[in-house]
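Visitor:
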DNA sequence: AATGAATGAGAATTCATTCAT
DNA sequence: GATGAATGAATTCTCATTCAT
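Protein chains in written order, with the working numbering: chain L, 2 to 219; chain S, 2 to 219; chain E, 2 to 219; chain Y, 2 to 219.
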């Protein structure tokens, strides 16, 4: 029977192995896409034997899901770090939003390949994964909705259908992130793009004929 | 030397074959996804031989692209049908938008599976296809931008960064279409969802402290 | 659409292919046993591609069963050829049995490897195959029982439990065939062995104390 | 230097381990067959580690052989227990045979799964094992032959080819045991089946036309 | 001595594409 | 031109055995 010490060392080694496999998988998935990725490539990248893979993950989809879980956990961990100084008026709200999104964008930068991987390939991996992915989006929408509800309650947001609008915001964010990362918005800096999008979200593109627009606070 | 008549009959038959293969491919791709679809299933659904497939399309990706081309052509044909009565003020603009999007949504209903297929699986099919897909999105964004530019020029839209905003609008539209089709917005009718989104796009969710909001023109 | 002629040629070719695969499988199974046989070896022996195998048989067990079916069909075909001159008394009966079994043994000689294969490996191939095998044995037992019933009815066989005795006869036959083929009965010719066994089956090894034994009619 | 006491304790522990592995192997082999059995399943059933297995047995075939050896030893131990009151005439001989076989059958009941395992799967395990198995059958045949020789010498058995007949008896016994255990002789009790078989072995199924048959001494 | 994590050779199977008819 | 049989490269996954602790 193995000693307590041995058990701990084993557990540590095991965790390291698992992490190494996940890291290798991340690299390979990003490089080849989910469908093009080979288990054999993952293990060789991780410096492990073929059989070892199957001691840690059921199959390719298994490691993809595990990778996603790790990713989601880190994302929400970052969000929870963000101070939630709730704004008192629309200007504060806008400023806080811009600041928050900039921070998110900066953090996301390091994970951008992974994020794009999940957004792009996730829906084709399988029904089970799709549900997981949808759960992630829902989580983000719920976060957005929390802010929106607060603003509506405070009177500095329009009493819109907060659920639908939150979802639209999340969609817009992912969409524009992709556009940006693909270099489809070449004449704006990321900071300006964020401002532009926040203004759009806050004030829309419309202007009452009168001209007293609510937009472009610059 | 075949007669002119014979030649035409052959060409017609060929065209029908091709269409049959495309229709079968559409059904199979929708059912199984791009990666799960089998050429053998497509040809058997089209009532053709395995080898025949390769007389009409280079390979699996080839028929997927051809399917997409046919789809895009039909989409833009529908758009071009739409009368382009340019609006004169923001209320007209909003009303025209709602009406247009409702029309689009109604038409899209019949193609929704195909549309979703391209949106979901397109990015994983290959680099070449991704470019095609991006071209499609760009085309739609350009359409949106045309309207937006007109409105800005006419003074009833905020002078925003029309390019980025157009892209955001397209993204929002596809996102919400997916959400809707997946039943993620259960407490709204499609008509109300469209109004809600148009209002969001026109006026944002913000409200100047003053209260003279620009929103909910209902 | 293919011509009638083409169809027939295809069917013929197909049949040849199938036979070639079965022959190759027989050789490989005999050489390596069921569990040691590789599909890859079968196809290479048949001069076919790996994928071709799976056009003709579901898997290794599939071709094993097909081989068995072909074998059983040929065995019963041989039996049906045998004239069924029913004997009139115990001497005729014994003589006819010896003659029949010699004929069977001679014929079996060419299939002996295959027969042994099925007897030895059959029970380990899978439940489905075991049922098939049992069916074969039952068929043989039924044949034996037919003769036995006739003899009992004619008064020149003991009114024994014909069912159990028939099974025992079949078992004895397979057992001794194996022994013989493994060279475990070295001091008898096959003809003598058959006589010995027939005598044993007819008269047992017992001898009433009186001495008027029923055995050794030689 | 370990004490004598310690050495003995170690040896005892080792022996227990080995027995536990053998017991586990028996269960797994019976459940899954030789080829379907996994070493991992055996060790987990024995509550041992994977590596431990190889400290006790060379490989999977090794434990199978060891299991067989243990089995054979116990079988012959049982036989040696049986009192060998040699019969004086054919009636005594028959009665003694029935009694002996009944006793054997009763004892075999507890080992029937294991016995069937060896009979069925043994021939597919490997040449080495097959020889072992044949040795077992030979041993039984030799036992049978001893009785038979005695009877022939005493004048109450026909002077048949004792070697071949003994083998046939063993084959018949195993065959009918399998038939019985598979429920293929549903209309007889085990006792009746044994009598039926013994009568068959003693007197055959034949009957001289005269009618003074030697059979059915009931 | 015991353990169980790691290994990798090996086998089955699939399916896009080719090609003889 | 149409066909569908043939192909084999490619990939996954298993499991007996080894080995570091």
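Built from N, CA and C at the ideal position, the CB exists for glycine as well.
Every value quoted in this text rests on a predicted model; they were computed, and no experiment measured them.
1. Suppose the cutoff is 7 Å on Cβ atoms and the five residues either side in sequence are ignored; what does the same chain contact list for residue 39/Y look like?
2. For residue 72/L, which option in 95/L, 151/L, 108/L, 43/L has the closest C-alpha, if you only look at C-alpha atoms?
3. What distance in whole Å lies between the Cβ atoms of residue 206/Y and residue 142/E, which are believed to be in contact at a cut-off of 8 Å?
4. Could you confirm whether any beta carbon from chain L is found closer than 8 Å to the beta carbon of residue 121/S?
5. According to a CB-to-CB cut-off of less than 7 Å, which residues of the region 102–127 of chain S neighbour chain L?
6. Alpha carbon to alpha carbon, what distance is there between residue 57/Y and residue 199/Y?
7. Which chain Y residues are close to residue 169/E, counting only those with a beta carbon under 8 Å from its beta carbon?
8. Excluding the 5 residues preceding and the 5 following residue 64/S in the sequence, name in chain order all residues of the same chain whose CB lies nearer than 6 Å to its CB.
9. With a threshold of 16 other CB atoms inside 10 Å of the CB of residue 9/L, please say whether the residue is buried or exposed.
10. Can you name, in chain order, every residue of its own chain whose Cβ lies under 6 Å from the Cβ of residue 47/L, other than the five neighbours on each side?
11. Closer than 8 Å, CB to CB, is residue 184/E near chain Y or not?
12. For residue 189/E, which residues of its own chain have a beta-carbon under 8 Å away from its beta-carbon, when the five flanking residues on both sides are left out?
13. For chain E, is any of its Cβ atoms less than 8 Å away from the one on residue 149/Y?
14. Could you spell out the range, first to last residue, of the alpha helix (DSSP H) harbouring residue 164/Y?
15. Taking C-alpha atoms, which residue in 75/S, 43/S, 76/S lies nearest to residue 60/S?
16. For the candidate residues 134/Y, 49/Y, 151/Y, whose alpha-carbon lies nearest to that of residue 86/Y?
17. Anything in the region 33–66 of chain E with a Cβ closer than 8 Å to a Cβ of chain Y? List those residues in chain order, please.
18. In whole angstroms, what is the alpha-carbon distance linking residue 134/Y and residue 41/L?
19. What are the residues that DSSP puts in a beta bridge with residue 207/Y?
20. Once the 5 residues before and after residue 156/L are set aside, which same chain residues still bring their CB inside 6 Å of it?
21. Could you list the residues in the region 70–96 of chain L with a C-beta less than 9 Å from some C-beta on chain S, going in chain order?
22. Look up residue 112/Y in the DSSP assignment and say whether it is helix, strand or coil.
23. In the DSSP assignment, find the alpha helix (DSSP H) that holds residue 186/E and state where it starts and stops.
24. Take every Cβ of the region 159–169 of chain L, pair it with every Cβ of the region 120–137 of chain S, and state whether three or more of those distances are shorter than 8 Å.
25. Return the residue from the list 110/Y, 167/Y, 180/Y that minimises the CA-CA distance to residue 171/E.
26. How is residue 103/Y classed by DSSP in three states: helix, strand or coil?
27. Could you tell me the boundaries of the alpha helix (DSSP H) in which residue 53/E lies?
28. Find the residues of chain E that neighbour residue 134/Y, judging by a C-beta separation of less than 7 Å, and give them in chain order.
29. Tell me, please, whether the CB atom of residue 9/Y is closer than 8 Å to any CB atom in chain E?
30. Do residue 115/S and residue 31/S have their C-beta atoms within less than 8 Å of each other?
31. Do residue 106/L and residue 191/L count as a contact pair if the criterion is CB distance below 8 Å?
32. Would you mind working out which of 35/E, 68/E, 76/E, 149/E sits nearest residue 89/E, comparing C-alpha positions?
33. Return the residue from the list 79/L, 92/L, 154/L that minimises the CA-CA distance to residue 112/L.
34. Leaving out five residues before and five after residue 144/Y in sequence, what residues of the same chain have Cβ atoms less than 8 Å from its Cβ?
35. Are residue 182/E and residue 176/Y closer than 8 Å when you measure CB to CB?
36. List, in chain order, every chain Y residue whose beta-carbon is nearer than 8 Å to that of residue 23/E.
Guide: So, to answer that:
1. none
2. 108/L
3. In fact, because the Cβ distance is near 14 Å, the residues do not count as touching under 8 Å.
4. yes
5. The region 102–127 of chain S vs chain L, Cβ under 7 Å: 121, 122, 124, 125.
6. 43 Å
7. Those are 173, 176, 177, 198, 201, listed as they occur along chain Y.
8. 26, 58
9. exposed
10. 21, 22, 25
11. no
12. 197
13. yes
14. Counted as a single uninterrupted DSSP element, the alpha helix (DSSP H) harbouring residue 164/Y occupies residues 163–182.
15. 43/S
16. Selected option, being the one with the closest Cα: 151/Y.
17. Flagged, chain order: 34, 35, 36.
18. 43 Å
19. 158/E
20. none
21. 90, 91, 92, 94, 95
22. helix
23. Careful: residue 186/E lies outside any alpha helix (DSSP H) and carries neither H nor E.
24. no
25. 180/Y
26. helix
27. 51–57
28. By Cβ distance, chain E contributes nothing, its closest Cβ being about 11 Å from residue 134/Y, past 7 Å.
29. No, no contact with chain E.
30. When the beta-carbon positions are compared, residue 115/S and residue 31/S come within less than 8 Å of each other.
31. Yes, these two residues count as a Cβ contact at 8 Å.
32. Distance from the Cα of residue 89/E is smallest, within the candidate group 35/E, 68/E, 76/E, 149/E, for 149/E.
33. 79/L
34. 80
35. no
36. Ordered by position in chain Y, no residue passes the 8 Å Cβ test against residue 23/E, which lies about 21 Å from the chain.
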